[in-house]
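In our numbering, the protein residues as written are 76 to 411. Think of the CB as a built atom: it goes at the ideal place given N, C-alpha and C, for glycine as much as any other residue. Quick caveat: nothing in here was measured; it's all calculated off a predicted structure.
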Ligand code: G3P
Ligand code: CA
């Protein structure tokens, strides 16, 4: 069974419920019904792709408490800024596998800390093995949506991500143009390198405007036409589709992004749907605590009304329920 848009993409696995980028987080995402799971990829010292959101791993593993690795603490320039910590490229896979994963957001998601220390860092190979096995077992196609993280940094180290990425996908039968795969990157150069080398769909990621309010020129009508030269979709911060009022934090009318992108054949995927109040536009928050769940179902429905083709989510079950309700024509309003 093939997935049909709007796709539900488990962001770093079901990361609202398990420490991100673990096989447990991916397995739960699949059990909850996600169409795709999203691994962010970096490289070990010996050239093995593993799932971590950053090259620096002290926030999501116990590396800082492992005395034998104390001398690997260092400072590097990464994406133009100095970063201190422990870096995945300074560890062989065998060394990395001795570490254990911890919850990134323990104050916001204390329920997930009971899983701290229980899982290792998965390889991309292990993730694809899990997807294949679960697709077979469940009789449904589960896709993979890998992101190349810091591709220029790893290329400079002689650990380029792109060839191992394509090779590993091929080994697991995910290499053909019909395979359920999207490859994503913030780096246009990375996608431009990949474009002539794979028929898989490519996704240009675009950040939200920074504090200065300056928006990437990749999401103007002209910018989108450039992106269409090397990508099949844009993966955008959700504020680029439903901008928030700078004063009140509420969302207003959609930007022209979805209409402009669709007019030239680009899909639009948005990130990241999250249940907790702290991540929600003001109008969807419920209760006082930043960690309490707000009305993310209604928020998601607003994005579906805006015509997006895919949603990254930390809580796939909530997003799937919003999609089901939207498809059935049922609108849920908290006041009802
Ligand atoms: O890849 C889509 C989204 O995940 C990009 O943001 O920082 O969570 O990788 P990030
Ligand atoms: Ca990502």
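Item                                                                                                : Value
Rounded C-alpha distance that separates residue 425 from residue 331                                : Because the chain in this structure spans residues 76 to 411, residue 425 falls outside the shown range and cannot be described.
Element boundaries [beta strand (DSSP E), containing residue 387]                                   : 385-388
The region 121-133 / the region 154-163 touching (three or more Cβ pairs under 8 Å)                 : yes
Separation of residue 341 from residue 266, as counted between CA atoms                             : 15 Å
Cβ-based burial, residue 81 [other Cβ within 10 Å; buried from 16]                                  : buried
Alpha helix (DSSP H) runs wholly inside the region 294-339, at least 4 long, in chain order         : 296-302 and 332-338
Beta-bridge partners of residue 86, as assigned by DSSP                                             : 113
Span separating the alpha-carbon of residue 117 from that of residue 364                            : 34 Å
Residue span of the alpha helix (DSSP H) that contains residue 268, given as start and end          : 263-269
Residue 280: CB within 8 Å of a non-hydrogen atom of ligand 1                                       : yes
Proximity below 9 Å, CB of residue 382 to CB of residue 337                                         : yes
Check whether residue 126 and residue 87 have beta carbons under 9 Å apart                          : yes
The region 104-122 contacting the region 189-207, beta-carbon criterion three pairs below 8 Å       : yes
C-beta neighbour in chain D for residue 397, strict 9 Å                                             : In the structure shown, chain D does not exist; there is a single protein chain.
Limits of the alpha helix (DSSP H) - the one that residue 375 falls within                          : 371-380
Through-space distance from residue 271 to residue 366, alpha-carbon basis                          : 44 Å
Residues bridged to residue 290 (per DSSP)                                                          : According to DSSP, which records beta bridges pairwise, residue 290 is partnered with nothing at all.
Beta-carbon gap between residue 222 and residue 280 smaller than 9 Å                                : yes
Segments of 4+ residues assigned as alpha helix (DSSP H) that fall wholly inside the region 230-263 : 237-246
Residue span of the alpha helix (DSSP H) that contains residue 170, given as start and end          : 168-171
Residue from 358, 350, 349 and 384 whose Cα sits closest to the Cα of residue 333                   : 384
Coarse secondary structure for residue 134, derived from DSSP in three states                       : coil
Cβ pair residue 227, residue 264 closer than 9 Å                                                    : yes
Start-to-end residues for the beta strand (DSSP E) that takes in residue 160                        : 156-160
Assigned secondary structure, residue 226 (DSSP; H/G/I helix, E/B strand, else coil)                : helix
Reduced DSSP category for residue 283 - H, G, I as helix; E, B as strand; rest coil                 : coil
Heavy atom of ligand 2 within 8 Å of residue 86 beta-carbon                                         : yes
Same chain, Cβ closer than 6 Å to residue 376, five either side skipped, listed in chain order      : 397 and 401
Where residue 210 falls: helix, strand or coil (DSSP)                                               : helix
Sufficient close CB pairs (3 or more, under 8 Å) joining the region 291-307 to the region 347-355   : no
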